[in-house]
Amino acid sequence: MEIAKEIEAGLGSTNPDPQQSSAPQPSSTAIYTLDSPILKTLYSWPDLEPTRYAWYEQQFLDAPMRRDILHRAVVFEADASRQGTASTKWRYDVHGSNRKLYAQKGTGRARVRDKKSPIRRGGGVAFGPKPRDFSTELQRKVYYQAFKIALSYRHRKGELTVLDNRIALPEDTGARFLNNVFEANSWGKANGRSLLVTSTLESQDPEIFEEMHEIGEHGLLKDIEDVDVKDLLETGRVVIERTALEALLGKHLKLLSGPEREAERRRIVQYS
Amino acid sequence: MVSNMLVIKVVGETFLPDQKMRSSPPTLDRNEFLGYLYVALIEKLPYKGQNAALNQTETERTLDEGLAIDVSSLQIKLSSSGAFSHLEDKAGKEQGKSEDSTTEATSSADASKEGGSHPFEISVAAMEEQLSGARFDFTNHLTFQILKRFSQLSGFHIPDPVLNAVLRGNKTVLDFVELLTQSSKPKPKSVAEALIAKQKQALGLDAPAPTSAKPKKAAQPLPLGPNVMVLSRRETPVDKEKEVGRWKVIERELRARGLPVLGHKVLAPQGEQWNEALKERRL
């Protein structure tokens, strides 16, 4: 009997719980919807007028912070960007005779070989640097994930501006125009510089890259081939074309093929 | 709330980069944001009422000079889910209290709306009342238009994190205004400023009214770790004595003995007189 009562009581105590927990959910609409896509405002270039909203899958633009991955990516890039051209002549590279300078014994001096010895003036460098490749390896999936993490971080900090159209110079304008845009939006040196990312390759339109280079103290313009994780983390904010953002977030698409790839590509962003 | 009435001036029509609103980041308070949002709503929401002048304008109306709109007669209507629906005449709403669907309500109240008040006045409480419980429906294009107009009026780009906080937390419009106000505050420039602000907040020095009946030494949150404080200047021996409450005694005793309290003055004579005496001696 007691057990039955307990069971009843237990049931009674458990029964209201789901009701209580389920009841407020529809009424109080305060459900934290983490699964909802990320809302981004798209702006027009060069007016920075809001044009529409875009919805990014949260996996792409709200990737959890992974400092370790960012660190690996930045180190990977830094290693790859080392020139590794330092070059010296070892004793065997130095031009000269291999003649023994003087006899091994009987002179009272220390024994020697040729005059190219590293301890002699004009001799070679002892194990000095030779050209080499410093680049390290990083799994592609990790490296591509680093782009998502960096962009997500910028988004969460409110430092990622997405442009709806291409970054371009109007007719008969140049660095001064870009400078005005930077000044009007407080993007310049006083506000930590800005990185502009375009999907127009530098080889296609070198002019705007040159003009941007002139106001290099205020920011820099990179195309999607050129931009790397360190660039995305460096400046005060990132201003990126929506096509370029799609390309950077979809770097991993290279690893897929066929309909799978198309489905994944469509998953990244929805434009309203 | 300091000022209960808010005067809203409608300025700014375009998004030109060289406008003054963009060159200097505006610092607006909550009520201003609320006011601009209200204006944006009035301008962009479709009007379903009897006022012919308003019906003509559809959603293209602006509360700029020339258009006579008596805002106080308008009421923002919400849909059942809390999203913004349309505008209505206040008079109509009051009449329709008994029966829900009275779009045929009287329009005679609108006759007195001549002579558009610009800038118009509306109390903050009235705006809050109309907006309470309202939520943005981000799937609706109207929301984009409202927020675009809002940022145009306020000269403030709505940061995407704020939008997402509202969207994902399912926050109300008033929460949105609150978030926006917080994010529009100027950020500390130096690390020291940031640390001091953080410390102030944690120690409750920022709080407007300290709540009574709080245990004084109860585990206070230490923002910078135990034993770490950021001070605005060098800590002197006097500060240390003050901290343990010994300074008053020391000061009294020093004075009683006729000794200098905070060090002695420079003993050598200062100023022009002394310099001149020196010069004379040199000559």
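Chains as they are written, first to last, in full-length UniProt numbering: chain E, 1 to 272; chain W, 1 to 283.
Glycine included, every Cβ here is placed at the ideal spot set by N, Cα and C.
Open item on the list: Buried or exposed for D68(E), going by 16 or more other Cβ atoms inside 10 Å?
Closed with: Label assigned to D68(E): exposed.
Open item on the list: Assuming the contact rule is C-beta atoms closer than 8 angstroms, I208(E) and L221(E) should be a hit. Round their C-beta distance to whole Å, please.
Closed with: Sure, about 7 angstroms apart at Cβ, within 8 angstroms.
- [ ] Would you mind listing the beta strand (DSSP E) stretches within the segment 146–208 of chain E that are 3+ residues and don't spill past its ends, in chain order?
- [x] Restricting attention to beta strand (DSSP E) runs no shorter than 3 residues, the segment 146–208 of chain E encloses them at 160–163, 194–198, ordered along the chain.
Task: Local Cβ density within 10 Å of S97(E), reported as buried at 16 or more and exposed below that - done: It counts as exposed.
TODO: Output, in chain order, the set of chain W residues within a Cβ distance shorter than 7 angstroms of I38(E).
DONE: Result: N164.
TODO: For F138(W), go through chain E and note every residue whose CB falls closer than 8 angstroms to its CB, in chain order.
DONE: Chain E residues near F138(W): L39, Y53.
Open item on the list: With H, G and I counted as helix, E and B as strand and the rest as coil, what does DSSP make of W55(E)?
Closed with: The DSSP-derived three-state label of W55(E) is strand.
- [ ] Give, in chain order, every residue of the segment 157–175 of chain E whose Cβ lies closer than 8 angstroms to some Cβ of chain W.
- [x] Taking 8 angstroms as the Cβ-Cβ cut-off against chain W, the residues of the segment 157–175 of chain E that qualify are K157, G158, L160.
- [ ] Mind checking who P50(E) pairs with in its DSSP beta bridge?
- [x] Partner(s): Y43(E).
TODO: Decide if Q182(W) is buried, meaning its Cβ has at least 16 other Cβ atoms within 10 Å, or exposed.
DONE: Taking a 10 Å sphere around the C-beta of Q182(W), we find fewer than 16 other C-beta atoms and assign the residue as exposed.
- [ ] Residues of the segment 240–272 of chain E with a CB closer than 9 angstroms to any CB of chain W: list them in chain order, please.
- [x] So the list reads S272, given in the order they occur along the chain.
TODO: Kindly examine the ligand NAP and report whether one of its heavy atoms sits closer than 6 angstroms to the Cβ of P46(W).
DONE: This structure does not include the ligand NAP; it has no bound ligands of any sort.
Task: Selection from Y43(E), P46(E), R52(E) that minimises the alpha carbon distance to Q270(E) - done: If you compare the alpha carbons of Y43(E), P46(E), R52(E) with that of Q270(E), the shortest gap goes to R52(E).
Open item on the list: How far does the beta strand (DSSP E) with K222(E) in it extend, from its first residue to its last?
Closed with: Unbroken beta strand (DSSP E) run through K222(E): 219–223.
Open item on the list: Within 10 Å of its beta-carbon, does E99(W) have 16 or more other beta-carbons around it, so buried, or fewer, so exposed?
Closed with: Residue placement at E99(W) cannot be trusted, given a pLDDT of 33 that sits under 50; the coordinates are not used to answer.
Task: Residues bridged to A83(W) [DSSP beta-bridge criterion] - done: Bridge partners of A83(W): R135(W).
Open item on the list: Any C-beta of chain E within less than 9 angstroms: which residues of the segment 130–158 of chain W qualify?
Closed with: Listed by position along the chain: R135, F138, T139, H141, T143, F144, L147, K148, S151, Q152, H157, I158.
- [ ] Could you work out which residues of chain E lie near L167(W), taking near to mean beta carbons separated by less than 7 angstroms?
- [x] Neighbours of L167(W) in chain E, taken as residues whose beta carbon is under 7 angstroms from its own, are S36, L39 in chain order.
Open item on the list: Among the candidates G258(E), D223(E), D205(E), V74(E), whose CA atom is the shortest distance from the CA of T136(E)?
Closed with: T136(E) has its Cα closest to that of V74(E), out of G258(E), D223(E), D205(E), V74(E).
- [ ] Report buried or exposed for Y102(E), applying the criterion of at least 16 other Cβ atoms within 10 angstroms of its Cβ.
- [x] Under the 10 Å beta carbon count, Y102(E) is surrounded by fewer than 16 other beta carbons and is classified as exposed.
TODO: Report yes or no: is there a C-beta of chain E within less than 7 angstroms of the C-beta of A192(W)?
DONE: Using a CB distance cut-off of 7 angstroms, A192(W) does not count as an interface residue toward chain E.
Task: Where L78(W) sits in the DSSP three-state scheme - done: In the structure shown, L78(W) falls within a strand segment according to DSSP collapsed to helix, strand and coil.
Open item on the list: Taking the beta carbon of Q104(E) as the centre, do at least 16 other beta carbons fall within 10 Å, making it buried, or is it exposed?
Closed with: Counting C-beta atoms within 10 angstroms of its own C-beta, Q104(E) has fewer than 16 neighbours from the protein chains shown and is therefore classed as exposed.
Task: Short CB-CB distance (under 7 angstroms) between P64(E) and chain W - done: No, no contact with chain W.
- [ ] Compute the distance between the beta-carbons of Y36(W) and S132(W), then report whether it is under 7 angstroms.
- [x] Contact flag unset, no.
Open item on the list: Does the CB of P50(E) have a neighbour CB from chain W at under 7 angstroms?
Closed with: Chain W has a Cβ within less than 7 angstroms of the Cβ of P50(E).
TODO: Evaluate M65(E) with the Cβ neighbour count: other Cβ atoms within 10 Å of its Cβ, from every protein chain shown; 16 or more gives buried, anything less gives exposed.
DONE: Label assigned to M65(E): exposed.
Task: Residue nearest to A86(E) in terms of C-alpha spacing, selected from F127(E), G108(E), Y56(E), D114(E) - done: If you compare the alpha carbons of F127(E), G108(E), Y56(E), D114(E) with that of A86(E), the shortest gap goes to F127(E).
- [ ] Give me the Cβ distance between P161(W) and G158(E), rounded to the nearest whole Å; I'm assuming they're in contact under 8 angstroms.
- [x] That pair is a contact at about 5 angstroms.
Task: Distance between Q152(W) and A175(E) (C-alpha atoms, nearest Å) - done: The straight-line gap separating the alpha-carbon atoms of A175(E) and Q152(W) is approximately 27 angstroms.
Task: Under 8 angstroms (Cβ pairs) to chain B, residues found in the segment 212–223 of chain E - done: Given the protein chain composition of this structure (E and W), no chain B is represented.
TODO: Below 7 angstroms CB to CB, which residues in the same chain sit around G250(E) once its five sequence neighbours on both sides are set aside?
DONE: The beta carbon of G250(E) is closer than 7 angstroms to those of R265, I268 in its chain, skipping five residues each way along the sequence.
Task: Reference R140(E); option with closest CA among N185(E), L255(E), V181(E) - done: Comparing Cα-Cα distances from R140(E) to each of N185(E), L255(E), V181(E), the minimum goes to L255(E).
TODO: Might you give, ordered along the chain, the residues of its own chain that have their beta carbon closer than 6 angstroms to the beta carbon of G124(E), omitting 5 neighbours on each side?
DONE: Once the five neighbours on either side are set aside, the close Cβ partners of G124(E) are K89, W90, R91, V94, K116, P118.
Open item on the list: Going by DSSP, what residue range makes up the beta strand (DSSP E) through R237(E)?
Closed with: Where R237(E) is concerned, the enclosing beta strand (DSSP E) stretches over 237–241.
Open item on the list: Please tell me whether L42(E) and D172(E) are closer than 7 angstroms, where the distance is taken between their beta carbons.
Closed with: One thing to note: L42(E) has its Cβ no nearer than 7 angstroms to the Cβ of D172(E).
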